[in-house]
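**Student:** Residue numbers (my numbering): 956 to 1331.
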């Protein structure tokens, strides 16, 4: 299917608009839409937050002239089902749009090609696949949840140049710079949930919340900063009832073993839920945890934890992206290692990574890796 330079320009603008919902749209996908009459943009819109109008309806509402006969450029196939808002296919048909250019098909089984079919049955020309890879990058978590029934998992780790995360004594504050810690706040803001382990809670008593405001994230004034769901993996329910992570605004889910669930009643806070999953030697089934989070409409997970949990998640093939903040200092061979992955004895056992991005954050390096094998 051929596309003109103008097609690319208009879809690029739609993708730019979709990014305005980066921190506010979840659990819904980030979507942008541009309405074009000839070579003029007459309307723009994006999906701001769940429960509000979708991008197509916002773009139509913002049109400066009648959109009849116009072309709509949209980053995701228009929905054709009734959810919290009515179908966008109906809005496009009723507006008299004659062509719809779509970046990618919606992986939601409630749509998945049916939106295109409905538009075509109404006599609208539909073209698909324009800047598809850029559209996919907008919604990796949503796509993962719809196709694999689990969230997209990003594991964040911080270490020294020699790959150490804490001194032998356990001291670890602060390995990286203030700039890196601010960057982590941005990662948290774009995540639907943050996962940590009971060991981290006991050792550091963390908050694991977003401490940025709407101006820091370039949000519209009326869009609040969403606090991610805070998740603790705690097989024996060792998390203290007065832990800081339980007392902050926002919901908390604690996953424990079947044997420990009887102790759940000690958490009386209204924002705290406890869920039992299978465990092996006190190591919770991470796949079950992710499936339970997907059922709660969690798209993107940030894993902020210690070497053991990070290593087991990586070894299980359940980490999609690894972000390492590497500080310019040495901590010595007795300091704690970055990850613990048992059973890697031969070179053929190694887990191969692919460097996807490298940049300086202050004096630290931020290295982003994906996995080169078939784990993802």
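Quick reminder that beta carbons are idealized off the backbone N, C-alpha and C, glycines included.
None of the values given here were measured: they were computed from a predicted structure.
1) Along the chain, where does the beta strand (DSSP E) that runs through residue 1059 open and close?
2) At which residue ranges does the region 1145 to 1223 contain complete alpha helix (DSSP H) runs of 4 or more residues, listed in the order of the chain?
3) I need the boundaries of the alpha helix (DSSP H) containing residue 1045, first residue and last residue.
4) Is the separation between the beta-carbon of residue 1029 and that of residue 1053 shorter than 8 angstroms?
5) Grab me the residues of residue 1330's own chain with a C-beta within less than 7 angstroms of its C-beta, minus the 5 sequence neighbours each way, in chain order.
6) By the three-class DSSP mapping on this structure, what secondary structure does residue 1263 have?
7) Please give the ranges of any beta strand (DSSP E) in the region 969 to 1003, keeping only runs that are unbroken, at least 3 residues long and fully inside the region.
8) What is the residue span of the beta strand (DSSP E) that residue 1313 lies within?
9) Since residue 1147 contacts residue 1255 with CB under 8 angstroms, what's their CB separation in whole angstroms?
10) Taking three-plus beta-carbon pairs below 8 angstroms as touching, is the region 1077 to 1086 in contact with the region 1234 to 1248?
11) Considering Cα atoms alone, identify which of 1187, 1165 and 1189 is closest to residue 1179.
12) Looking at the structure shown, is residue 1276 part of a helix, part of a strand, or coil, going by DSSP?
13) Got a sec: does the ligand SAM put a non-hydrogen atom nearer than 7 angstroms to the Cβ of residue 1226?
14) Kindly indicate the opening and closing residues of the beta strand (DSSP E) around residue 1230.
15) Can you pull the DSSP bridge partners for residue 1326?
16) What are the boundary residues of the alpha helix (DSSP H) that residue 1012 is part of?
17) Kindly indicate the opening and closing residues of the beta strand (DSSP E) around residue 1115.
18) With DSSP as the reference, label residue 1136 as helix, strand or coil.
19) Give me, in chain order, the residues of the same chain whose beta-carbon lies closer than 8 angstroms to that of residue 1005; leave out the 5 immediate sequence neighbours on both sides.
20) Mark residue 1069 as exposed unless 16 or more other C-beta atoms lie within 10 angstroms of its C-beta, in which case mark it buried.
21) Do you know how far the Cα of residue 1150 is from the Cα of residue 1106?
22) Can you confirm whether the region 1109 to 1120 touches the region 1296 to 1312 when touching is taken to mean that 3 or more C-beta pairs between the two stretches lie within less than 8 angstroms?
23) Starting from residue 1249, follow the alpha helix (DSSP H) in both directions and report where the run begins and ends.
24) Could you give the DSSP three-state label for residue 1282: helix, strand or coil?
25) Taking DSSP as the reference, what is the three-state secondary structure of residue 1026?
26) Please confirm if the region 1308 to 1324 is in contact with the region 1276 to 1288, defined as three or more CB-CB distances below 8 angstroms between the two stretches.
27) Helix, strand or coil, according to DSSP, for residue 1081 in the structure here?
28) Would you grab the beta carbon distance between residue 1265 and residue 1114 for me? Rounded to a whole angstrom, and I think it's under 8 angstroms.
29) With H, G and I counted as helix, E and B as strand and the rest as coil, what does DSSP make of residue 1254?
30) Taking C-alpha atoms, which residue in 1227, 1200, 965 and 1236 lies nearest to residue 1212?
31) By Cβ distance, which residues of its chain are closer than 7 angstroms to residue 1156, with the 5 residues on each side in sequence left out?
32) Thinking residue 988 and residue 1000 are a contact (beta carbons under 8 angstroms), I'd like their distance in whole angstroms, please.
33) Spatial neighbours of residue 1299 within its chain, please: CB distance less than 8 angstroms, with the 5 preceding and 5 following residues excluded, ordered by chain position.
34) Measuring straight from C-alpha to C-alpha, what distance separates residue 1268 and residue 1224?
35) DSSP state of residue 1131, grouped into three classes?
**Tutor:** Walking through what the data contain:
1) 1054 to 1059
2) 1153 to 1159 and 1199 to 1202
3) 1043 to 1050
4) no
5) With a pLDDT of 40 at residue 1330, under the threshold of 50, the modelled position of this residue cannot be trusted; read the value that follows with caution. Listed in chain order, the non-local C-beta contacts of residue 1330 below 7 angstroms within the same chain comprise 1272, local neighbours out to five positions each way being set aside.
6) helix
7) When DSSP assignments are scanned along the region 969 to 1003, the uninterrupted stretches of beta strand (DSSP E) that are 3 or more residues long and fall wholly within it turn out to be 987 to 992 and 995 to 1001.
8) 1308 to 1316
9) Their Cβ separation, rounded to whole angstroms, is 5 angstroms, which keeps residue 1147 and residue 1255 in contact under 8 angstroms.
10) no
11) 1165
12) strand
13) With respect to the ligand SAM, the structure shown offers nothing to examine, as it has no ligands at all.
14) 1227 to 1232
15) 1308
16) Segment 1010 to 1016, the alpha helix (DSSP H) holding residue 1012.
17) If you look at residue 1115, you'll find it in the beta strand (DSSP E) that goes 1107 to 1115.
18) Here residue 1136 sits in helix by DSSP.
19) 980, 981, 982, 983 and 1039
20) buried
21) 12 angstroms
22) Counting C-beta pairs with one atom in each stretch, the region 1296 to 1312 and the region 1109 to 1120 have fewer than three that are closer than 8 angstroms, which means they do not touch.
23) 1241 to 1250
24) strand
25) strand
26) Under the 8 angstroms Cβ criterion, the region 1308 to 1324 counts as touching the region 1276 to 1288, having at least three qualifying pairs.
27) strand
28) The pair is not a contact, with the Cβ atoms about 11 angstroms apart (cut-off 8 angstroms).
29) coil
30) With distances taken between Cα atoms, residue 1212 lies closest to 1236.
31) Taken in chain order, the residues that qualify are 1187, 1194, 1198 and 1200.
32) 5 angstroms
33) 1305 and 1306
34) 29 angstroms
35) coil
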